[in-house]
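To start, the structure itself, in structure tokens.
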Amino acid sequence: MRTTITIGDDLLRQARQAALKRSCTLSTIVEEALRKALTASLPPSSSRPTRLVTFRGRGLRGGIDLDDSAGLLDTMDGR
């Protein structure tokens, strides 16, 4: 997408030099910097492990192949 932004002369000069050194476009430099800034502003994810809810039972039903998603869906739909 094309857009217009205002960048200070000194910052633009530095970005152009970085693009030349890395042999990439100015757009790539701006996109990477924006992605990095947005990622850095995200709150850190919770370090607590996720608790999975489980149910007691007798295990898998006979004849169920968990690698056969179509067959599993048919079984769940009662077909």
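Position 10 (the sequence shown) corresponds to -6 in the working numbering; numbering is contiguous. Even for Gly, the Cβ is constructed at its ideal location relative to N, Cα and C.
What distance in whole Å lies between the Cβ atoms of residue j and residue i, which are believed to be in contact at a cut-off of 8 Å?
{"i": "Ala2", "j": "Ile13", "result": "5 Å"}
Please report how far the alpha carbon of residue i lies from the alpha carbon of residue j, in whole angstroms.
{"i": "Leu10", "j": "Leu(-5)", "result": "12 Å"}
{"i": "Ala(-1)", "j": "Asp(-7)", "result": "10 Å"}
{"i": "Arg42", "j": "Ile48", "result": "13 Å"}
{"i": "Arg35", "j": "Leu44", "result": "22 Å"}
{"i": "Ala24", "j": "Glu16", "result": "12 Å"}
Taking the alpha helix (DSSP H) that residue i belongs to, which residues open and close that run?
{"i": "Leu36", "result": "Counting along the chain, Leu36 falls outside any alpha helix (DSSP H), and DSSP gives it neither H nor E."}
{"i": "Met60", "result": "Ser53 to Met60"}
Suppose the cutoff is 8 Å on Cβ atoms and the five residues either side in sequence are ignored; what does the same chain contact list for residue i look like?
{"i": "Pro33", "result": "none"}
By Cβ distance below 7 Å, which residues in the same chain neighbour residue i in space, the five residues on each side in sequence not counted?
{"i": "Pro28", "result": "none"}
Checklist entry - Whole alpha helix (DSSP H) runs in the stretch -13 to 50 with 4 or more residues, listed along the chain? => result Taken in chain order, the complete alpha helix (DSSP H) segments of 4 residues or longer contained in the stretch -13 to 50 are -7 to 6 and 10 to 24.
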